[in-house]
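**Student:** Quick one: the structure is below, questions incoming.
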Amino acid sequence: MQRRYIAPAIMLTAGAITIILNIIYRLELLASLKRLLLVLLIFYIIGKVAEKIIGKIADNQKKMEGAKESSLEETVLEPTEPQDNQEIENEAGITED
1 MQRRYIAPAI MLTAGAITII LNIIYRLELL ASLKRLLLVL LIFYIIGKVA EKIIGKIADN
61 QKKMEGAKES SLEETVLEPT EPQDNQEIEN EAGITED
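In terms of full-length UniProt numbering, the sequence shown is residues 1 to 97.
In structure tokens, the structure reads:
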């Protein structure tokens, strides 16, 4: 689901639940519409905040994946050639007496 549909989906779900409850409790039309308007506004704001948070998390995750891929590309293992025992001893500082 695309991020731009998060806020409207949350808002419309809350609105549908509000209308269903208003019908069940048989509230007056004007009171029902005032509640619906308030619920839609509140849940639209909540949806926008959730959309921003999800967007930041997704962007950070993409950056992390991009950084991980670039670091893997930079790390190139070169094959090592076998060394003679003499070279190994010289590098280790071992001398023969």
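Note that beta-carbon positions come from the ideal geometry of N, C-alpha and C, so glycine has one too.
Counting along the chain, where does the alpha helix (DSSP H) carrying Leu12 start and finish?
**Tutor:** It spans 6-24 - the alpha helix (DSSP H) in which Leu12 sits, taken as one unbroken run.
**Student:** On the criterion of 16 or more Cβ atoms from any shown chain inside 10 Å, does Ala58 qualify as buried, or is it exposed?
**Tutor:** Result: exposed.
**Student:** Tell me whether Gly47 is buried or exposed, calling it buried when 16 or more other Cβ atoms sit within 10 Å of its Cβ.
**Tutor:** Its Cβ being crowded by 16 or more others within 10 Å, Gly47 is buried.
**Student:** In angstroms, rounded to a whole number, what distance separates the CA positions of Ser71 and Ala9?
**Tutor:** So the two alpha carbons sit approximately 39 Å from each other.
**Student:** Nearest CA to the CA of Arg4: which residue from Thr18, Glu51, Lys56?
**Tutor:** Ranking Thr18, Glu51, Lys56 by Cα distance to Arg4 puts Glu51 first.
**Student:** Can you tell me whether Gln2 is helix, strand or coil according to DSSP?
**Tutor:** Reduced to three states, the DSSP call for Gln2 is coil.
**Student:** Taking the alpha carbon of residue 112 as the reference point, which residue from Arg35, Gln2, Phe43, Lys34 has its own alpha carbon closest?
**Tutor:** Residue coverage of the chain in this structure runs from 1 to 97, which leaves residue 112 outside it and unanswerable.
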